[in-house]
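Working notes for the structure below.
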Amino acid sequence: MTPNVDPGEIARFGRIASDWWDPRGAMGPLHTLNPARLSYIEKAAGGLDGKRTVDVGCGGGILSEALAARGAQVLGIDLAEEVLHAARLHMKESKLTIEYRAISAEALAAERPEAFDLVTCLELLEHVPDPASAITACARLARPGGTLVFSTLNRNPKAYVLAILGAEYLLKLIPRGTHDYAKFIRPSELEHWTRSAGLEVLDIRGLRYNPLLNTARLCDDVDVNYLMHCRKP
2 MTPNVDPGEI ARFGRIASDW WDPRGAMGPL HTLNPARLSY IEKAAGGLDG KRTVDVGCGG
62 GILSEALAAR GAQVLGIDLA EEVLHAARLH MKESKLTIEY RAISAEALAA ERPEAFDLVT
122 CLELLEHVPD PASAITACAR LARPGGTLVF STLNRNPKAY VLAILGAEYL LKLIPRGTHD
182 YAKFIRPSEL EHWTRSAGLE VLDIRGLRYN PLLNTARLCD DVDVNYLMHC RKP
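Put into structure tokens, the structure is as follows:
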């Protein structure tokens, strides 16, 4: 199976792996976004305690650890080995139990179809060559009746100004080149791909990040960051 991965993206995130858990470092905005993301996921899943969960594109484990701390049984998957190493090291410090594997969503779906109560795929779709393939794999991973939560960046001028010009060039919140505007995904596109994968779309919410106050909250504005809650029938 050919991995659905961009080697350039793997190398880019590998270079900042050692900085992943520094809230003032390159991944600082993810640390700020995480409580709001976790709140949305927990509500969508109807609680996390005991839920068999796969965090697709887990990176250094910021979300995986938060899910595990709430009682979920978490498998975090990613194809960036250096980043997974950072995740495993931090897990030991946190004294949490999380399984991390270097495997694609597509390969795991072939190995363990319908194995998970909850599938999360946050900030990954805009970094892979074929987002529809990743979504289809996520759908295969979820059990019937299971919960899926995706998040990504909208594609419009406002998102370009805030997520690229503002965050990467002006404020330098994240490394330059982290995002490619052409890979941003409109909600209508994400909804089309999820429905094509056999999923029901239940909700969509915006996620507003304030870099000056270093805060993030859920909102109705999906112009930039947004989350989508789906269910497998």
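Position one of the sequence shown corresponds to residue 2 (the working numbering), numbered consecutively onward. Positions of the beta carbon are idealized from the N, C-alpha and C atoms, including for glycine. Fair warning: this is a prediction, and the values are worked out from it, not measured in the lab.
Comparing alpha-carbon positions, the option among P176, D224, R16 and H230 lying closest to Y161 turns out to be D224.
Closest in C-alpha terms to S197, from the list P234, P158 and Y182, comes P234. Rounded to the nearest angstrom, the gap between the Cα atoms of L214 and V150 is 26 Å.
Your pair D118 and K52 checks out as a contact, with CB atoms roughly 4 Å apart and the cut at 8 Å. Rounded to the nearest whole angstrom, the CA to CA distance from I175 to A108 is 30 Å. Under the 10 Å beta carbon count, D79 is surrounded by 16 or more other beta carbons and is classified as buried. With a cut-off of 8 Å on Cβ pairs, the region 132-141 is not in contact with the region 165-172, counting fewer than three such pairs. Looking from the CA of R177, the closest CA among I17, D7 and G62 belongs to I17. In the DSSP assignment, L228 forms a beta bridge with S152 and R206. Ranking Y182, E83 and A46 by CA distance to the CA of L163 puts Y182 first. Here the alpha carbons of I63 and L31 stand approximately 8 Å from one another.
The shortest CA-to-CA distance from R206 to any of V120, D23, L154 and E82 is the one to L154.
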